[in-house]
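Below: one structure, written as structure tokens.
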Amino acid sequence: MSETKQNRYRAVQFLTSAHRLDQAPPDTGYEVAFAGRSNAGKSSALNAITESKGLARTSKTPGRTQLINFFTVDEQRRLVDLPGYGYAKVPVEVKRHWQATLERYLAERQCLRGLVLLMDVRHPLKDFDRMMLQWCAAAHMPVHVLLTKCDKLNRGPASAVLQQVRREMKREFANATVQLFSALKGQGVEEARAQLDRWFQFEGAAPAEEPSGG
Ligand code: GDP
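Each residue of the sequence shown is one higher than the one before, starting from 283 at the first, in this note's numbering.
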């Protein structure tokens, strides 16, 4: 009975980019979206989860960085890479367009099951993160937070951040779960995939549990 757990996200394929929502694929099936400030570790996390470099590389191709990038998991399911920004020097109008598009995507996309929000464990809950959380709360959209690069902190301090962020989320964003993640060490990758499995309603997806924080 020793089956190796198959990674369902390994076969992801680039589908399309959308600059505006009306360029998105038809609103059917299931989507799970990834967002984070630039440098939060989103590309590395997507690489670790899908065990491929192609996905994140596609999203970092010049010209694609300001677009919503869609990837197929299978016919019914898509991973969505949302543009991040932080210290990116972009004109105000571009930023405004991103914000409006992201907010509308979170509010209106029927097939969207959840948002994975990535934050550097050393810099959690910045303005961008709070903005995303507020939009998700308004849209009743579940959120799963990855506290990334947790290998940069020792176990004790990392776990303290995990507890602190969980406490804060519980107060303000009850729909959110939080876990530690390290693309470098592979920590938390299975836990993140298990959350995707639940949102995508894969048969045999592990039932929800309090994230262990590993
Ligand atoms: P993105 O801009 O959010 O896509 O972030 P990247 O994935 O490109 O990562 C930004 C920087 O953080 C890069 O220098 C990565 O090497 C580094 N990084 C990402 N994930 C990890 C991690 O798990 N551990 C460590 N130590 N560094 C990481």
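A virtual CB, placed ideally from N, CA and C, is assigned to each residue, including glycine.
Whole-angstrom Cβ separation of residue i and residue j, contact assumed at under 8 angstroms?
i      : j      : result
Cys393 : Tyr312 : 6 angstroms
Leu337 : Phe353 : 6 angstroms
Ser320 : Gly366 : 5 angstroms
Cys418 : Leu384 : Wrong, their Cβ atoms sit about 10 angstroms apart, outside the cutoff.
Gly396 : Val314 : 5 angstroms
Ala465 : Ser326 : 4 angstroms
By how many angstroms is the C-alpha of residue j removed from the C-alpha of residue i?
i      : j      : result
Pro424 : Gln477 : 11 angstroms
Ala420 : Gly318 : 18 angstroms
Val443 : Glu333 : 27 angstroms
Glu473 : Ala330 : 12 angstroms
Asp363 : Ile350 : 6 angstroms
Thr343 : Asn457 : 33 angstroms
Val398 : Gly323 : 12 angstroms
Ala306 : His379 : 16 angstroms
Lys377 : Phe316 : 18 angstroms
Glu357 : Gly438 : 42 angstroms
Met401 : His422 : 20 angstroms
Glu390 : Ala382 : 12 angstroms
Phe296 : Met413 : 28 angstroms
Glu246 : Gln348 : Limits of the chain in this structure are 283 at one end and 496 at the other, which puts residue 246 out of reach.
Ala488 : Arg475 : 10 angstroms
In the structure shown, what three-state DSSP assignment does residue i receive?
i      : result
Ser494 : Interpretation of Ser494 is limited by its pLDDT of 43, a score under 50 that renders its predicted location unreliable; the figure taken from the coordinates is listed afterwards. Looking at Ser494 - three-state DSSP - the assignment turns out to be coil, as it is neither helix nor strand.
Met423 : coil
Asn351 : strand
Gln305 : helix
Gln469 : strand
Val376 : helix
Thr343 : coil
Tyr387 : helix
Whose C-beta lies closer than 8 angstroms to the C-beta of residue i among residues of the same chain, with five residues either side of it excluded?
i      : result
Val355 : Arg290, Tyr291, Ala293, Val294, Leu361, Phe482
Gln469 : Cys432, Asp433, Leu462, Phe463, Gly496
Leu435 : Val403, Arg404, Val443
Could you pull the DSSP bridge partners for residue i from this structure?
i      : result
Leu400 : Gly318, Leu428
Gln461 : Leu428
Leu361 : Val314, Phe353
Thr298 : Phe352
Leu337 : Paired residues: none, contrary to the question.
Leu435 : Bridge partners of Leu435: none, in fact.
Leu394 : Glu313
Can you give me the Cβ contacts of residue i inside the same chain, cut-off strictly under 7 angstroms, excluding the 5 residues immediately before and after it?
i      : result
Val460 : Val427, Leu429, Leu444, Val447, Arg448, Met451, Pro493
Arg359 : Gly311, Tyr312, Phe482
Arg386 : Leu303
Beta-carbon within less than 6 angstroms of residue i's beta-carbon, same chain only, minus the 5 sequence neighbours each way: which residues are those?
i      : result
Phe410 : Arg319
Lys335 : Asn329
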